[in-house]
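Read through the structure below, which is laid out as structure tokens, and then see the notes.
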Amino acid sequence: MNLKDTIRTIPDFPKKGIMFRDITTLMTNPKGFTEAVKQLAAPYKNTQIDNVVGIEARGFIFGAALAVELGAGFVPVRKKGKLPFDTYEQDYDLEYGTDTLELHADAVRGQERILLIDDLIATGGTAEAAVKLLRKAGGNVIAAAFVIDLPDLGGRQRIEAMGVPVTTLVEFDGH
Ligand code: AMP
8 MNLKDTIRTI PDFPKKGIMF RDITTLMTNP KGFTEAVKQL AAPYKNTQID NVVGIEARGF
68 IFGAALAVEL GAGFVPVRKK GKLPFDTYEQ DYDLEYGTDT LELHADAVRG QERILLIDDL
128 IATGGTAEAA VKLLRKAGGN VIAAAFVIDL PDLGGRQRIE AMGVPVTTLV EFDGH
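Residue numbers (the numbering used here): 8 to 182.
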């Protein structure tokens with residue numbers, strides 16, 4: 008099946024000029040969701056992955072399923088103020104202003120092998136902040152996986168420049 012055909016594009020959401028790649032249509036397609044999780048897991052089937060780390064919020068959906076598929080644990084990286092225990096924080100730049108990601112201080116305990124996941128990589132700013140956050144906590148990020156890559160925005164290169172290999176399933180041109 009062609010996963011790309013199951014992803015809906017909404018022009019000018021959440022603001023003019025953005026082509027929003029909507030994965031809810033992939034998720035409600037049972038074959039599409041299963042296929043996406045299988046394809047995300049495939050490169051890591053013969054690699055030890057201890058924890059899958061998902062980025063709020065759409066990274067939770069694929070990350071939880073991927074963790075089960077790989078027999079790994081799941082760790083959430085959340086927006087500031089949502090996690091109840093002690094946290095590490097990492098700021099990152101948005102188009103206007105900054106935002107902060109948080110990770111529970113005891114979520115990474117040592118040299119676990121971590122696979123980072125989100126639905127989409129655009130500029131790579133969010134994933135870069137998540138890698139920095141995991142490294143602050145002592146984590147060993149062995150790879151990052153995304154359902155969608157927007158290659159024109161250079162996110163993959165940004166993450167690979169940090170020494171983290173990237174795998175993606177489908178690409179869309181432009182923003
Ligand atoms: P970035 O930090 O620029 O790589 O942006 C990635 C984050 O923003 C991911 O969590 C995506 O879910 C979201 N995002 C960025 N661009 C889009 C887009 N065109 N369609 C859907 N989500 C997007």
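Note that CB positions come from ideal geometry on N, CA and C, so glycine has one too.
Since the structure is predicted, the reported quantities are computational estimates derived from the model, not experimental observations.
By Cβ distance, which residues of its chain are closer than 8 Å to residue i, with the 5 residues on each side in sequence left out?
i: Ala144; result: Tyr95, Leu110, Ala112, Ala114, Val115
i: Gly161; result: Thr130, Gly131
Relative to the C-alpha of residue i, which residue among the options is closest?
i: Asp159; options: Ala129, Ala152, Ala150, Leu140; result: Ala129
i: Gly88; options: Glu63, Tyr51, Ile25, Thr35; result: Glu63
i: Thr105; options: Asn147, Gln118, Leu123, Lys86; result: Lys86
i: Gln55; options: Asn36, Val82, Ile14, Gly78; result: Gly78
i: Arg28; options: Leu90, Phe153, Phe81, Pro172; result: Phe153
i: Gly117; options: Val171, Glu42, Leu141, Leu90; result: Leu141
i: Ala3; options: Glu178, Asp126, Ala136; result: This structure cannot settle anything about residue 3, because the visible part of the chain is limited to 8 through 182.
i: Glu119; options: Tyr103, Glu135, Lys11, Val148; result: Val148
i: Glu2; options: Glu76, Val82, Val84, Thr133; result: Examination of residue 2 is not possible in this model, given that the chain is present from 8 through 182 alone.
Taking the alpha helix (DSSP H) that residue i belongs to, which residues open and close that run?
i: Leu160; result: Run containing Leu160: none; DSSP gives neither H nor E here.
i: Glu42; result: 37-48
What does a CB cutoff of less than 6 Å around residue i pick up in its chain, not counting 5 residues either side in sequence?
i: Phe92; result: His111
i: Gly146; result: Val115, Ile121
Run through DSSP, which three-state label would residue i get?
i: Phe20; result: coil
i: Leu73; result: helix
i: Val138; result: helix
i: Met26; result: strand
i: Phe179; result: coil
Taking the continuous beta strand (DSSP E) assigned at residue i, which residues delimit it?
i: Pro83; result: 80-86
i: Val60; result: 58-62
What does a CB cutoff of less than 7 Å around residue i pick up in its chain, not counting 5 residues either side in sequence?
i: Gly170; result: none
i: Leu3; result: For residue 3 there is no data in the structure shown, the boundaries of the chain being 8 and 182.
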